[in-house]
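Q: Start counting the sequence shown at 4; every next residue gets the next number (the working numbering).
Would you mind keeping the following structure in view while I ask a few things?
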Amino acid sequence: MPKNPDRFQLAEGLNASRLICGLWQVADLERGDTPLDSERAADALQAYVDAGFDTFDMADHYGSAELITGRLLTRYPRDGRRPLAFTKWCPEPGPMTVDVVRRGVQERLDRLGVEKVDLLQFHWWTFDHPAWLDALHEMNRLREEGLIGALGVTNFDAAHLALALADGIPLASNQISFSLLDRRAAGPLSEVCARSGVKLLAYGTLCGGFLSDKWLGKPAPTSIADWSRSKYKRFIDAAGGWTAFQAILSAAGEIARKHSVSISNVATAWVLGHPAVGAAIIGARVTESEHRADNRKLLDLQLDAEDKARLEAAFAESLPIPGDCGDEYRRPPYLTASGDLSHHLDAIPSVFKAEPAPGKLGRLRASSGSVWEPIAGYSRAVRVGDSICVSGTTATHGADRCVAPGDAGAQTTYILDKISASIASLGGKMDDVIRTRIYVRDATKWEPVSRAHGRVFGEILPANTLVEVGNLIGDYEVEIEADAVVLSGD
């Protein structure tokens, strides 16, 4: 009897396959505004289930993927074992009220035709807008109601995954890009997972099909018709170009021949071998060629020390993908299917309101809505001419809630997002910051604070002061001021 993929415990009562079938290609196939026949597409998914691949991943924007999966699920009794359906909610940044979140979750339930989403994963475009915490807390309340089996996030970097956990969100997973080419997840993000037990769901393990025997020794493509390969060609270029990519592909090819498997098997096995990885997401073809037989070959594949050393030598010939996981959606270089996302991010409304100061020509000020600002009579930030001064900023969410009590590093991450948003509302950028001043309650916590500061300012390198103070009001561990100068031409 054929061996089925290994399984892992993602959350209580949620035992999933380590090879998850991804349905992102549905959106590509439906680009002409012609939806797939849901019954025939469900038949294709049924073939995966019959072959032992019973866990599917999709999103609200993957065309009709949720509807197709819903058709598949109708073939199983509601109170019996059925395939698992993981989906994502990717709202535009804005106020995340109870009603907004409930509508987003209910739409997933309706499209899938289920009473509970097995795993609902949340994506957020910019952490400068803090409503992502509101959304996750409300999603957790819906999890407690029984509408969601487990909560996950997608494309969160290490700092914001740690922040969510420190703020009390019980996350089970983080879906991120991870491959022989994109190895960012093996760094700080894996360290957070080791401490917390969060599992990584790895997509892009085959780089849109580029990590396969088909491309070994071949020239770079001159044109690309589909979204997936367009995206991962950008990753290849960022990692040093086609020559560096071929060095990795050649090393994987040698290992594949040694084990009598495909390059794709080697690429997926390498990702699955990382302790933080719960599962790899492989593309499920619903109208085109399928690779179930080849995927089965990696079920018995174990890379040995020699194999890993050979790959490490090839990695040295490439450049690391810049930034941390998810940065490709939030800052240059934008390594996404649609390329440059700056226009999309610039269109997101600021969480802060900038307005002229009455009677002060040329002076602008921004408020965050904190309860302390009107009481003490100050602005979150003020701009005069080219200079922006940001008041001492704490991890205050909304009017008065302290984020991540007791966690100095997580509070610093939140504070720096808040500072970034306040500067942006006045026409500046974090690149314009020339000085920061950090006040900590406990000097022994300097390292997580400094590392969070370095993550943001490691290339900007402003002047900086860090001092221990006698005390901070409430549960705040950190307070930070910033000064910026917006140079003409920026």
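Just so you know, even glycine gets a beta-carbon here, dropped at the ideal spot from N, CA and C.
Source: prediction; values computed, not measured.
Measuring alpha carbon to alpha carbon, tell me which of Leu112, Leu164 and Leu136 ends up nearest Gly149.
A: For the purposes of this step, residue 149 is taken as the residue at position 146 of the sequence shown. Of the candidates Leu112, Leu164 and Leu136, the one whose C-alpha sits nearest the C-alpha of Gly149 is Leu112.
Q: Can you look up Tyr206 in the DSSP assignment and give me helix, strand or coil?
A: The count along the sequence shown starts at 1 and reaches residue 206 at position 203. Tyr206: strand per DSSP, three-state reduction.
Q: So, for Ala369: in the same chain, excluding its five sequence neighbours on each side, which residues have a beta-carbon less than 7 angstroms away from its beta-carbon?
A: Working through the sequence shown from its first residue, we reach residue 369 at position 366. So the qualifying residues of the chain are Phe355, Lys356, Ala357, Ser382, Arg383, Ala384, Ser425, Ser428 and Leu429.
Q: In angstroms, rounded to a whole number, what distance separates the CA positions of Leu136 and Glu95?
A: By 1-based counting over the sequence shown, the position of residue 136 is 133. By 1-based counting over the sequence shown, the position of residue 95 is 92. Answer to the nearest angstrom: the Cα atoms are 14 angstroms apart.
Q: Is the separation between the beta-carbon of Ala242 and that of Ile324 shorter than 7 angstroms?
A: As a position in the sequence shown, residue 242 is number 239, starting the count at 1. As a position in the sequence shown, residue 324 is number 321, starting the count at 1. Cβ distance < 7 angstroms, so Ala242 and Ile324 count as in contact.
Q: Taking a contact to mean a Cβ-Cβ separation below 7 angstroms, would you say Asp343 touches Asp160 in this structure?
A: Taking the first residue of the sequence shown as position 1, residue 343 is located at position 340. Taking the first residue of the sequence shown as position 1, residue 160 is located at position 157. Not closer than 7 angstroms, so no.
Q: For Gly281, collect the residues of the same chain with a Cβ closer than 8 angstroms to its Cβ; drop the 5 residues on either side in sequence, then sort them by chain order.
A: As a working mapping, residue 281 is identified with position 278 in the sequence shown. Answer for Gly281: Phe11, Leu13, Ala19, Arg21, Ser176, Lys202, Leu203 and Leu204, listed in chain order.
Q: Met4 to Arg85, Cα distance in whole Å?
A: The residue given as residue 4 occupies position 1 in the sequence shown. The residue given as residue 85 occupies position 82 in the sequence shown. For Met4, the pLDDT reaches just 47, beneath the cut-off of 50, and the residue's location in the model is therefore unreliable, although a value from the coordinates is still provided. C-alpha separation (whole angstroms): 21 angstroms.
Q: Thinking Leu154 and Leu174 are a contact (beta carbons under 8 angstroms), I'd like their distance in whole angstroms, please.
A: Stepping through the sequence shown from its first residue, residue 154 is reached at position 151. Stepping through the sequence shown from its first residue, residue 174 is reached at position 171. Their Cβ separation, rounded to whole angstroms, is 6 angstroms, which keeps Leu154 and Leu174 in contact under 8 angstroms.
Q: According to DSSP, simplified to helix, strand and coil, what is Met4?
A: Taking the sequence shown and counting its residues from 1, one reaches residue 4 at position 1. At Met4, the pLDDT of 47 sits below 50, so the modelled position is not reliable and the matter cannot be decided from this model.
Q: Just checking my contact of Ala88 with Val117 at CB under 8 angstroms: how many whole Å lie between their CB atoms?
A: In the sequence shown, counting from the first residue as 1, residue 88 sits at position 85. In the sequence shown, counting from the first residue as 1, residue 117 sits at position 114. Confirmed, Cβ separation roughly 7 angstroms.
Q: Using the three-state DSSP reduction, which class does Asn18 fall into: helix, strand or coil?
A: As a first step, residue 18 must be located in the sequence shown, where it is residue number 15. Strand.
Q: For Leu219, which of Gly412, Asp389, Ala247 and Arg454 has the nearest alpha-carbon?
A: Within the sequence shown, residue 219 is the residue found at index 216, counting from 1. Selected option, being the one with the closest Cα: Ala247.
Q: First and last residue of the alpha helix (DSSP H) that includes Gly494?
A: Because residue 494 is not part of the residues shown, which for the chain are 4 to 493, the question remains open.
Q: Take Phe181 and list the residues in its own chain whose beta-carbon comes closer than 6 angstroms to its own, dropping the five residues that flank it on each side.
A: If you number the sequence shown from 1, residue 181 lands on position 178. For Phe181, where only same-chain residues beyond five positions count, the Cβ hits under 6 angstroms are Ala188, Ala205 and Val274.
Q: On the DSSP bridge list, what partners appear for Ala466?
A: The sequence position of residue 466 within the sequence shown is 463, counting from 1. Paired residue(s): Arg438.
Q: Going by the CB atoms, is the gap between Met99 and Ala62 shorter than 7 angstroms?
A: The residue you call residue 62 lines up with position 59 of the sequence shown. The residue you call residue 99 lines up with position 96 of the sequence shown. Not a contact, by the Cβ cut-off of 7 angstroms.
Q: Secondary structure at Gln12, three-state DSSP: helix, strand or coil?
A: Counting from 1 along the sequence shown, the entry for residue 12 is found at position 9. Strand, per DSSP.
Q: Going by DSSP, which residues form a beta bridge with Glu358?
A: As a working mapping, residue 358 is identified with position 355 in the sequence shown. Glu358 pairs with Arg368.
Q: Please identify the residue among Asp434, Glu462 and Val103 whose C-alpha is closest to the C-alpha of Ala485.
A: In the sequence shown, the residue the question calls residue 485 occupies position 482. With distances taken between Cα atoms, Ala485 lies closest to Asp434.
Q: With respect to the alpha helix (DSSP H) encompassing Leu112, which residues constitute its N-terminal and C-terminal limits?
A: Here residue 112 is taken as the residue at index 109 of the sequence shown, counted from 1. Unbroken alpha helix (DSSP H) run through Leu112: Val101 to Leu115.
Q: Against chain B, does Asp297 count as a neighbour if the rule is that its beta carbon must be under 7 angstroms from one of theirs?
A: In the structure shown, chain B cannot be found, because there is only a single protein chain.
Q: Below 8 angstroms on the Cβ atoms is my contact criterion, and I expect Ala446 with Glu471 to pass it. Report the Cβ-Cβ distance as a whole number of Å.
A: As a first step, residue 446 must be located in the sequence shown, where it is residue number 443. As a first step, residue 471 must be located in the sequence shown, where it is residue number 468. The Cβ separation is near 4 angstroms, so the contact holds.
Q: My output table needs one value for Lys91: the three-state DSSP class, helix, strand or coil.
A: Along the sequence shown, read from residue 1 onward, the residue named residue 91 stands at position 88. It is a strand residue.
Q: Locate the beta strand (DSSP E) running through Leu174, then write down its first and last residues.
A: Numbered from 1 along the sequence shown, position 171 holds the residue referred to as residue 174. First-last of the beta strand (DSSP E) with Leu174: Leu174 to Ser180.
Q: Classify Asp310 as helix, strand or coil using the three-state DSSP reduction.
A: To locate residue 310, count along the sequence shown from 1; it is residue 307. Helix at Asp310.
Q: In the DSSP assignment, what are the bridge partners of Ala282?
A: Here residue 282 refers to the residue found at position 279 of the sequence shown. Note: Ala282 sits in a beta bridge opposite Leu204.
Q: Which same chain residues end up closer than 7 angstroms to Tyr235 when comparing Cβ atoms and leaving out the 5 residues on each side of it in sequence?
A: Taking the sequence shown and counting its residues from 1, the one referred to as residue 235 is at position 232. Counting only Cβ-Cβ distances below 7 angstroms, and skipping sequence neighbours, we find Gly207, Cys210, Gly211 and Phe213.
Q: Excluding the five sequence neighbours on either side, which residues of its own chain have a C-beta within less than 6 angstroms of the C-beta of Val44, listed in chain order?
A: The count along the sequence shown starts at 1 and reaches residue 44 at position 41. Here residue 44 is Ala; the residue named in the question, Val, does not match the sequence. Cβ within range, chain order: Ile71 and Val289.
Q: Considering Leu348, what are the terminal residues of the alpha helix (DSSP H) in which it resides?
A: Working through the sequence shown from its first residue, we reach residue 348 at position 345. Unbroken alpha helix (DSSP H) run through Leu348: Ser345 to Asp349.
Q: Apply the 10 Å Cβ neighbour rule to His64 and answer buried if 16 or more other Cβ atoms are within range, or exposed otherwise.
A: On the sequence shown, position 61 is the one that residue 64 refers to. Exposed is the call here.
Q: If you draw a straight line from the C-alpha of Ala30 to the C-alpha of Asp216, how long is it?
A: The residue given as residue 30 occupies position 27 in the sequence shown. The residue given as residue 216 occupies position 213 in the sequence shown. In a straight line, the C-alpha of Ala30 is about 25 angstroms away from that of Asp216.
Q: Spatial neighbours of Ala402 within its chain, please: C-beta separation below 8 angstroms, excluding the five flanking residues on both sides.
A: Taking the first residue of the sequence shown as 1, we reach residue 402 at position 399. For Ala402, where only same-chain residues beyond five positions count, the Cβ hits under 8 angstroms are Gly372, Ser373 and Val374.
Q: Roughly how many angstroms separate the alpha carbons of Trp128 and Asp349, rounded to a whole number?
A: The sequence position of residue 128 within the sequence shown is 125, counting from 1. The sequence position of residue 349 within the sequence shown is 346, counting from 1. Rounded to the nearest angstrom, the two C-alpha atoms are 11 angstroms apart.
Q: In its own chain, which residues sit with a C-beta less than 6 angstroms from the C-beta of Val195, not counting the 5 before and 5 after it?
A: In the sequence shown, counting from the first residue as 1, residue 195 sits at position 192. Same-chain partners within the cutoff: Ala161, Leu164 and Ala165.
Q: In terms of DSSP beta bridges, what is Phe159 paired with?
A: In the sequence shown, residue 159 corresponds to position 156, counting from 1. In the DSSP output, where bridge partners are listed per residue, Phe159 has none listed.
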